[in-house]
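Protein chains: 2
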Amino acid sequence: MIDFKLDPKSGIPFYRQIIDQIRYGVATGKLSVGEQLPTVRALAVELKVNLNTVSKAYRELEIQDILETQQGTGTFIGNVQVSIPMEERQSKLENICSEFLVIASSYGFTHDEIIRELERNKGGKR
Amino acid sequence: MIDFKLDPKSGIPFYRQIIDQIRYGVATGKLSVGEQLPTVRALAVELKVNLNTVSKAYRELEIQDILETQQGTGTFIGNVQVSIPMEERQSKLENICSEFLVIASSYGFTHDEIIRELERNKGGKR
DNA sequence: TATATTGTAATAGTTGTATAGTACAATATA
DNA sequence: TATATTGTACTATACAACTATTACAATATA
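Protein chains in written order, with our numbering: chain A, 12 to 137; chain B, 12 to 137.
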């Protein structure tokens, strides 16, 4: 099961964030074939978004053959394995990192400060 | 002068991207106090966006005292430097870092991958 | 079979973003 | 003073994202 997280400030639509996280969950093996996802209603409540928003995300993923839905039963991970190309994964990493750097720097934090804080964070639970 | 770049695919609104880049420029010293920014019309043409979009970005930055505008003359970097108290600064750093980590992790990136990417980013221009 | 649960669909309304166009106000400059 | 340049303001339009609400269809289960 995924620990879904939405970031309202990111500017990225909720339904896209849900899609991304499921895709990455599948790609990284956190979600395995046949596994049931939360129901649209359950996930909507959990993420405090509208039912339609979750539904939209699931629908798109079904079109991509990543999910299989059965009305009355639920939504499941399809058996088409999603392998995210290395380049795509790398560019995603680069994107979120450089976006983060711009924001952090705009607050006056230096590159080193940021890395130091992340290193510090790495050790202990918080 | 800043080399403005807009990324339509990022999902981040144009006016926000403009704001971030100016804030970033100020924070990193690329933009110094008193320096004149491109006129709203010039920047709008350069970025191929509407005049109102640039105007909105400048307006928000003026409210934040980061810019000073004089009608008929232009828009300039203000001389009020945003200094944050040490404790507040530290907790701000912690906040944005841990938020970022949550998001990045949800995409399946490990702590180490992230730090490595940030380190990599540190060296070269991009 | 009856009921609950699941996904689906449709409508209406709100908000944020961006565009296009026009006009005006303040300042600089020829 | 006249003109150009700058920022500002306003209206209208369009679209995407999201919410709220309601209803329906398919399946599971008691």
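We put the CB at the ideal spot given by N, CA and C, even for glycine.
Roughly how many angstroms lie between the CA atoms of residue i and residue j, to the nearest whole one?
| i | j | result |
| --- | --- | --- |
| A:Val113 | B:Phe25 | 14 Å |
| B:Thr80 | B:Asn132 | 34 Å |
| B:Gln28 | A:Gly83 | 44 Å |
| A:Ile88 | B:Glu105 | 36 Å |
| A:Glu98 | B:Glu128 | 14 Å |
| B:Pro19 | A:Glu110 | 13 Å |
| B:Leu58 | A:Ala53 | 43 Å |
| B:Met12 | B:Ile77 | 16 Å |
| A:Val56 | B:Leu48 | 46 Å |
| A:Gln32 | B:Phe120 | 11 Å |
| A:Lys103 | B:Phe15 | 21 Å |
| A:Val60 | B:Tyr69 | 32 Å |
| A:Thr64 | A:Glu46 | 21 Å |
| A:Ile107 | A:Arg100 | 11 Å |
| A:Glu130 | B:Asp123 | 9 Å |
| B:Lys40 | A:Leu17 | The sequence as given places Gly at residue 40 of chain B; Lys does not occur at that position. Cα-Cα distance, rounded: 33 Å. |
| A:Gly85 | A:Val44 | 14 Å |
| A:Ser66 | A:Ile74 | 12 Å |
What residues are listed by DSSP as bridge partners for residue i?
| i | result |
| --- | --- |
| B:Gln47 | B:Phe87 |
One question on the structure: do residue i and residue j come within less than 8 Å of each other, judged by their Cβ atoms?
| i | j | result |
| --- | --- | --- |
| B:Tyr35 | A:Ser116 | yes |
| B:Val51 | B:Leu42 | no |
| B:Leu72 | B:Ile126 | no |
| A:Val91 | A:Ala38 | no |
| B:Gly22 | A:Ile23 | yes |
query = What runs of the beta strand (DSSP E), each 3 residues or longer, lie entirely inside the stretch 60-101 of chain B?
reply = Annotation: the stretch 60-101 of chain B contains the following complete segments of the beta strand (DSSP E) (minimum length 3 residues), in chain order: 78-81, 85-88.
inquiry  = What are the residues in the stretch 29-45 of chain A lying within 8 Å of chain B by C-beta distance?
reply    = Residues Asp31, Gln32, Tyr35, Gly36, Ala38, Thr39, Lys41.
message = Residues of the stretch 95-108 of chain B in Cβ contact with chain A at a cutoff of 9 Å, in chain order, please.
response = Look at the stretch 95-108 of chain B: the residues with a C-beta under 9 Å from a C-beta of chain A are Ile95, Arg100, Gln101, Lys103, Leu104, Glu105, Ile107, Cys108.
inquiry  = Please identify, using Cβ separations under 7 Å, the residues of the stretch 112-133 of chain B that lie next to chain A, in order along the chain.
reply    = Near chain A, meaning a CB-to-CB distance below 7 Å, the residues of the stretch 112-133 of chain B are Leu112, Val113, Ile114, Ala115, Ser117, Tyr118, Gly119, Phe120, His122, Glu124, Ile125, Ile126, Glu128, Leu129, Glu130, Asn132, Lys133.
Residues from the stretch 17-29 of chain B in contact with chain A, defined by Cβ distance under 8 Å = Taking 8 Å as the Cβ-Cβ cut-off against chain A, the residues of the stretch 17-29 of chain B that qualify are Ser21, Gly22, Ile23, Pro24, Arg27.
key: Residues in the stretch 76-92 of chain A having any Cβ partner in chain B nearer than 9 Å   = If the cut-off is 9 Å between Cβ atoms, the stretch 76-92 of chain A has nothing near chain B.
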